[in-house]
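*Asks:*
Numbering (my numbering), first residue to last: 1265 to 1492.
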């Protein structure tokens, strides 16, 4: 590979595409060079055109794919890998740094939402496969009962261990994810998750120690949807 190739492979951010060329020397090594940006772009375009028949969803971008389509992806990757806003600004050719910061933060928020939506969809699919139906087609599986907490006409069963287990599961999940919930969406945290956490904590203070102990065992088996 030669010294240049070894140096490239030791980089923290190794280029995705490398060009290996036979060396004129007799040692059998190969010279390694990075590829021009335009060459990489052409490779992607050619791949899209060649694969559109086997993957019909690529037909929408075949022949129309340009570098502009990848600007958001490149900016997000640079942000996630710790690049400075000034360097991202140069790549995006923004006139003002504030524009770059707003643009990058919006991309980051969108990526978080898309990831959470994907996780929630997977949660629905996984649980749909395990749901059992009774003869009258009503759901006979175990369903969480925590949503009634926001109802004005609350009726609390302090001796129902299953309900208490749901409270414990939600209280634990929200408490463990509170930092992530706050920083990803401060407004939603203050308006929704924080009041909900306090309600669970307050109700659990009234539960007897025996019911609490039994409910904790059940709470470990409860699977909750991703928090967002």
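Note that the Cβ used here is the ideal one computed from N, Cα and C, for glycine as well.
Because the structure is a prediction, the values reported are computed rather than measured.
On a Cα-Cα basis, can you pick out the residue from 1318, 1323, 1329 that is closest to residue 1304?
*Replies:* When each option's Cα is compared against that of residue 1304, the closest is 1329.
*Asks:* Please report the straight-line C-alpha distance between residue 1434 and residue 1375, rounded to a whole angstrom.
*Replies:* Their backbone Cα atoms lie some 25 angstroms apart in a straight line.
*Asks:* Cβ atoms of residue 1364 and residue 1560: under 9 angstroms apart, would you say?
*Replies:* Here the chain covers residues 1265 to 1492 and nothing more, so residue 1560 does not appear.
*Asks:* Are the CB atoms of residue 1442 and residue 1461 nearer to each other than 9 angstroms?
*Replies:* yes
*Asks:* Roughly how many whole angstroms lie between the Cα atoms of residue 1359 and residue 1353?
*Replies:* Put simply, the backbone Cα of residue 1359 is about 8 angstroms away from that of residue 1353.
*Asks:* For residue 1375, report the span of its alpha helix (DSSP H) as first-last.
*Replies:* 1361 to 1392
*Asks:* Residue 1362 and residue 1350 - do their beta-carbons sit closer together than 9 angstroms?
*Replies:* no
*Asks:* Is the beta carbon of residue 1312 closer than 9 angstroms to that of residue 1326?
*Replies:* yes
*Asks:* Within 10 Å of its beta-carbon, does residue 1432 have 16 or more other beta-carbons around it, so buried, or fewer, so exposed?
*Replies:* buried
*Asks:* Would you grab the beta carbon distance between residue 1429 and residue 1488 for me? Rounded to a whole angstrom, and I think it's under 8 angstroms.
*Replies:* Contact flag wrong, Cβ pair sits at about 12 angstroms.
*Asks:* Residue 1438 by DSSP, collapsed to three states: which one?
*Replies:* helix
*Asks:* If you run the structure through DSSP and keep just helix, strand and coil, what is residue 1338?
*Replies:* For residue 1338, the secondary structure class from DSSP, reduced to helix, strand or coil, is helix.
*Asks:* Can you tell me where the alpha helix (DSSP H) with residue 1351 in it begins and where it stops?
*Replies:* 1349 to 1356
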